[in-house]
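With the numbering used here as the guide, the letters of the sequence shown map in order to residues 293 to 888.
Heads up, the beta-carbon is just placed ideally off N, CA and C, and yes, glycines get one too.
Take a look at the structure set out below.
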Amino acid sequence: MKRPRLLIALILPVLGLLYLLTSTLIYASDEGTVITKPEKEAARRNGVPDLDSGGQRPKTLLPPKESAKDMLEALHPSDPTLKCIHLPATSNFTIQLCRSTEHCGTGLFAIERKDKAKILEKYYRDSIGPDAFQLLFDGPQRETPAVWTHKGDCLYTLPFRLINPGKYTVNLVHTFDSFEALVEVGDPDLRVVYDKILVDYKMDVCDASCQSFTAKRIESMRPTLPLCSRTEPQQGVYLRMNFETDRETRKFDFHKYFYIAEPLGCKYDQRFELEDFATLGKCHNKNNSILLHGDSHLRVSTQTIDARLAGHAGTKYNPKFELIHAKYYPPDTTITTAELTLRHHNNNVLFGDNEKIPPHSQSLPNPPRHATLRPRIPRTQNRLPTPRPIQPLAHQRKRRILRPRQTPIPNNTEISFEFKRFLEQLVEGHPHRGWDDNLNVNQIEATLYPYDAYVFNFAAWALQSERLGGHYTVQRFQNALDFGTDLLTRVNSLRQVHFGKKEVDVVWMGITAFPVQEDRRYRKEGDWRTNYRMRVLSEYAEKVARRRGFKILNTFEGSLPWTEFTKDGSHFDSTPAMDAWVDEVFHKLNLCGYSP
Numbered sequence: 293m294k295r296p297r298l299l300i301a302l303i304l305p306v307l308g309l310l311y312l313l314t315s316t317l318i319y320a321s322d323e324g325t326v327i328t329k330p331e332k333e334a335a336r337r338n339g340v341p342d343l344d345s346g347g348q349r350p351k352t353l354l355p356p357k358e359s360a361k362d363m364l365e366a367l368h369p370s371d372p373t374l375k376c377i378h379l380p381a382t383s384n385f386t387i388q389l390c391r392s393t394e395h396c397g398t399g400l401f402a403i404e405r406k407d408k409a410k411i412l413e414k415y416y417r418d419s420i421g422p423d424a425f426q427l428l429f430d431g432p433q434r435e436t437p438a439v440w441t442h443k444g445d446c447l448y449t450l451p452f453r454l455i456n457p458g459k460y461t462v463n464l465v466h467t468f469d470s471f472e473a474l475v476e477v478g479d480p481d482l483r484v485v486y487d488k489i490l491v492d493y494k495m496d497v498c499d500a501s502c503q504s505f506t507a508k509r510i511e512s513m514r515p516t517l518p519l520c521s522r523t524e525p526q527q528g529v530y531l532r533m534n535f536e537t538d539r540e541t542r543k544f545d546f547h548k549y550f551y552i553a554e555p556l557g558c559k560y561d562q563r564f565e566l567e568d569f570a571t572l573g574k575c576h577n578k579n580n581s582i583l584l585h586g587d588s589h590l591r592v593s594t595q596t597i598d599a600r601l602a603g604h605a606g607t608k609y610n611p612k613f614e615l616i617h618a619k620y621y622p623p624d625t626t627i628t629t630a631e632l633t634l635r636h637h638n639n640n641v642l643f644g645d646n647e648k649i650p651p652h653s654q655s656l657p658n659p660p661r662h663a664t665l666r667p668r669i670p671r672t673q674n675r676l677p678t679p680r681p682i683q684p685l686a687h688q689r690k691r692r693i694l695r696p697r698q699t700p701i702p703n704n705t706e707i708s709f710e711f712k713r714f715l716e717q718l719v720e721g722h723p724h725r726g727w728d729d730n731l732n733v734n735q736i737e738a739t740l741y742p743y744d745a746y747v748f749n750f751a752a753w754a755l756q757s758e759r760l761g762g763h764y765t766v767q768r769f770q771n772a773l774d775f776g777t778d779l780l781t782r783v784n785s786l787r788q789v790h791f792g793k794k795e796v797d798v799v800w801m802g803i804t805a806f807p808v809q810e811d812r813r814y815r816k817e818g819d820w821r822t823n824y825r826m827r828v829l830s831e832y833a834e835k836v837a838r839r840r841g842f843k844i845l846n847t848f849e850g851s852l853p854w855t856e857f858t859k860d861g862s863h864f865d866s867t868p869a870m871d872a873w874v875d876e877v878f879h880k881l882n883l884c885g886y887s888p
């Protein structure tokens, strides 16, 4: 029995690397050895441009596709296709850098603990390991790998994939030990190690023959790129700016970081960026309405969404509004600000110096929206009115609907954000918890009735201190998410039956990563937010969302490279990470109704 297992163990890594070889996305050059016909066909299936008539294999392959991610995770430093070098060791760890001999920009860092006494029991020794790490690449691309594995016996691997050639600076931080990143028993105060075991290590990726990817080059490739998925999470990349486009200059002027977010290997057809607003602003004629429920990460995302829908560059002033409500009108709409004010369509939306409110006697041509700052709203009035449903179809008019008569308003896009920390909108909306007598349906079905899309998230507060309602174990998180999304799925399935309306477009916004800094106040409050936990919950939530038929964003991977650059030690507003997932959520929502 041992010999067949040994053969399988030897063959599997080879097969994995062969699979990796056929999963490349972009060829960096057209010189090299002869490529065979089956390889050409495999390359064509994987979206690789046809090679020249000479059938030449490129010197450099850039980069593995998402389908090769599992192969990266399976790599071991002893794999014969990896070439490893030893880096300076610390008192606790040995470190190796292992690079693929076949794939440019691909490899892993292998970290091994010297003192194995930290391994307390077999399960942890084989499956998890007591330590946690964070790896950051800075250079032509900013990257923090979201994939890491414990190979057993305190050997850890952090595989990476870099698509841009050039000189990189690498920092590796030992963040937690003694299973602190995952422990769920007792009432522990999270102890952060934060020991930099590799500091400003310099490494080269590829050589001068490899072509770099820039925002301008990707823009020139747009006509030939496929459309990004409307449903699955999109891999992205943070490319160093060359300031060749107006978009790069504008982004840098706003957040002062030298990186710009781009999707990998595909294109978005609507981001509502300023450069495209003259065209995309007309999509407000589609009369889309969007409800957003979630935590403060979704709140700051909503404030960025608001700025884009209004045709503004955004603001760095992000107060803690628990309610945000706004309507946005097409460029050819003319409506007086007095009418807008009387309608109370907009609460707690932000505006900059370029959006002034004229006197009520004036007409406001081309208005994106009317904005009202929170200080001008009495606290007792800082509540959104309950959305009034539209008149149902004839065969549903037996359902009693109470609503005041209202004057028709112009076409618009509408958003409403409500601060929800623990999926309470779904738990309390269950038939045994809440019922709407007007519509004769459960509360969450009545809440979703006026809306076309629903965006939600959940996890940050679930891992807060117990005093703040957190300390959710993985099992408790699973139970809450399963319960809430099951009800949401049932509500969606009944919309056609009850109201003759199509299903709500549900978007799972994902779970953001969290900074690892030892001097934060929250570390003294029993906070459980670690990126190891966040990754586990993120992967499980994606499986649930996929099973329910929801659209998915992976904000964990998108935010991980920027965890050390948050303004307040938590949120990602005014960083390229926020740009990345707001770009993607607009593509997922498809407010313009472009092709699926």
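Ranked by Cα distance from Asn-534, the first of Asn-577, Tyr-551, Asp-568 and Arg-725 is Tyr-551. Remark: C-beta atoms of Ala-553 and Ala-872 approach each other more closely than 8 Å.
Contact annotation, Glu-365 with Ile-844: C-beta distance approximately 19 Å; criterion of less than 8 Å not satisfied. Distance from the CA atom of Phe-864 to the CA atom of Asn-704, rounded to whole angstroms, is 29 Å. Beta-bridge pairing by DSSP links Pro-555 to Gly-528. A straight line joining the alpha-carbon of Lys-459 with that of Val-877 spans about 32 Å. Residue environment: Ser-866 is assigned as buried (16 or more neighbouring CB atoms within 10 Å of its CB, all protein chains considered). Here DSSP, grouped into helix, strand and coil, assigns Ile-597 to helix.
Judged by DSSP in its simplified three-state form, Ala-751 adopts coil rather than helix or strand.
Residue burial annotation: Pro-518 is exposed, with fewer than 16 other C-beta atoms found within 10 angstroms of its C-beta. Glu-849: member of the alpha helix (DSSP H) spanning 847-851, first to last residue. DSSP, reduced to helix, strand and coil, places Val-799 within a strand of the structure shown. Under the DSSP definition of a beta bridge, Tyr-620 partners with Thr-705. Note that the C-beta distance between Glu-540 and Ala-507 is below 8 Å. Counting the other Cβ atoms within 10 Å of the Cβ of Glu-472 gives 16 or more, which makes it buried.
Linking Asn-734 to Tyr-743 through their CA atoms gives a straight-line distance of about 16 Å.
When secondary structure is reduced to three states using DSSP, Trp-873 falls in the helix class. In the three-state reduction of the DSSP assignment, Ile-455 falls in the coil class, being assigned neither a helical nor a strand state.
Shown here, Phe-544 sits in a helix according to DSSP, grouped into three states. Taking 8 Å as the cut-off, the Cβ atoms of Ala-869 and Trp-854 count as close.
Listed in chain order, the non-local C-beta contacts of Val-491 below 7 Å within the same chain comprise Asn-463, local neighbours out to five positions each way being set aside. Lys-843 is bridged by DSSP to Val-799. When C-beta atoms of the stretch 748-764 are compared with those of the stretch 816-825, three or more pairs fall below 8 Å, so the two segments count as touching. By the Cβ test, the stretch 725-739 is in contact with the stretch 782-792, since at least three Cβ pairs between them sit closer than 8 Å. Cβ-Cβ separation between Thr-449 and Leu-374: approximately 10 Å, too far for a contact (criterion under 8 Å).
Ala-402 has Gln-388 and Thr-449 as its beta-bridge partners, per DSSP. Counting only residues of its own chain and dropping the five nearest sequence neighbours on each side, Leu-447 has a CB closer than 7 Å to the CB of Ala-402 and Glu-404.
When DSSP states are grouped into helix, strand and coil, Ala-500 belongs to the coil group. By DSSP's assignment, Met-495 forms a beta bridge with Tyr-460.
Here the alpha carbon of Arg-509 sits roughly 46 Å from the alpha carbon of Gly-792.
A straight-line Cα-Cα distance of about 12 Å links Lys-612 and Ser-593.
Contact check for Gly-586 and Met-801: beta-carbon distance about 6 Å, within the 8 Å limit, so the pair qualifies. Relative to Leu-715, the option among Tyr-741, Ala-752, Ile-489 and Trp-727 whose CA is nearest is Ala-752. Between Thr-467 and Tyr-493, the CB-CB gap reaches or exceeds 8 Å. When the Cα atoms are used, Thr-516 and Phe-848 turn out to be separated by approximately 29 Å. By the criterion of a C-beta distance shorter than 7 Å, Ser-581 is surrounded in its chain by Glu-706, Pro-742, Tyr-743 and Asp-744, once the five residues flanking it on both sides are discounted.
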